[in-house]
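Following: one structure in structure tokens, then a few remarks.
Numbering (the working numbering), first residue to last: -11 to 141.
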């Protein structure tokens, strides 16, 4: 079994995120360098009667992602209950609530990786919520090892 490394980008809004592969590399170091410096611009689209995510990486490499190309995760129901309404970072009062909570040691607004669960939502569900043309934020990157299985003859 040999492996390669995927450079991943995390696109998000409110309670959900989409993990996408932005490149596949032979080494972890190459994948990390790509993932860390990749500029990702994503938009919900409808193309040829199919809903998807059009992603441009580094102002050039344009790719159409379908449901089977991505992983959609959402904040668990338990964490959403603790958080309450999503914080609007453009609203000064909401940001103050979040900051006060954080400074007091309250972790309600801190989302850890374990708070995210794989969702049964599809791209079409997110488009129904936000509309064609919506652009999720590129909030993070990571790398993951993939394994290629070779059967012996």
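All C-beta atoms in this analysis are idealised placements derived from N, C-alpha and C, irrespective of residue type, glycine included.
CB-CB length for residue i against residue j, believed under 8 Å
{"i": "residue 30", "j": "residue -5", "result": "Actually they do not touch by this definition, with Cβ atoms about 15 Å apart."}
{"i": "residue 6", "j": "residue 58", "result": "5 Å"}
{"i": "residue 91", "j": "residue 4", "result": "No, residue 91 and residue 4 are not in contact; Cβ-Cβ is about 27 Å, not under 8 Å."}
Whole-angstrom distance between residue j and residue i, CA atom to CA atom
{"i": "residue -8", "j": "residue 62", "result": "27 Å"}
{"i": "residue -2", "j": "residue 24", "result": "11 Å"}
{"i": "residue 43", "j": "residue 51", "result": "5 Å"}
{"i": "residue 105", "j": "residue 48", "result": "31 Å"}
{"i": "residue 119", "j": "residue 39", "result": "11 Å"}
{"i": "residue 93", "j": "residue 75", "result": "17 Å"}
{"i": "residue 85", "j": "residue 68", "result": "16 Å"}
{"i": "residue 101", "j": "residue 0", "result": "13 Å"}
Contact set for residue i: own chain, Cβ-Cβ below 8 Å, skip 5 residues either direction
{"i": "residue 96", "result": "70, 71, 72, 89"}
{"i": "residue 15", "result": "-7"}
Buried/exposed call for residue i, threshold 16 Cβ in 10 Å
{"i": "residue 135", "result": "exposed"}
{"i": "residue 126", "result": "buried"}
{"i": "residue 12", "result": "exposed"}
{"i": "residue 124", "result": "buried"}
{"i": "residue 87", "result": "exposed"}
Contacts around residue i, its chain only, beta-carbon distance under 6 Å, and the 5 residues preceding and following it disregarded
{"i": "residue 27", "result": "46"}
{"i": "residue 130", "result": "-4"}
{"i": "residue 139", "result": "Confidence at residue 139 is low in this model, with a pLDDT of 46, below 50, so the placement of that residue should be treated as unreliable; the coordinate-derived value is given next. Result list for residue 139: empty, nothing under 6 Å."}
Cut-off 7 Å between Cβ atoms - residues of its own chain near residue i, not counting five sequence neighbours on either side
{"i": "residue 53", "result": "8, 40, 41, 43"}
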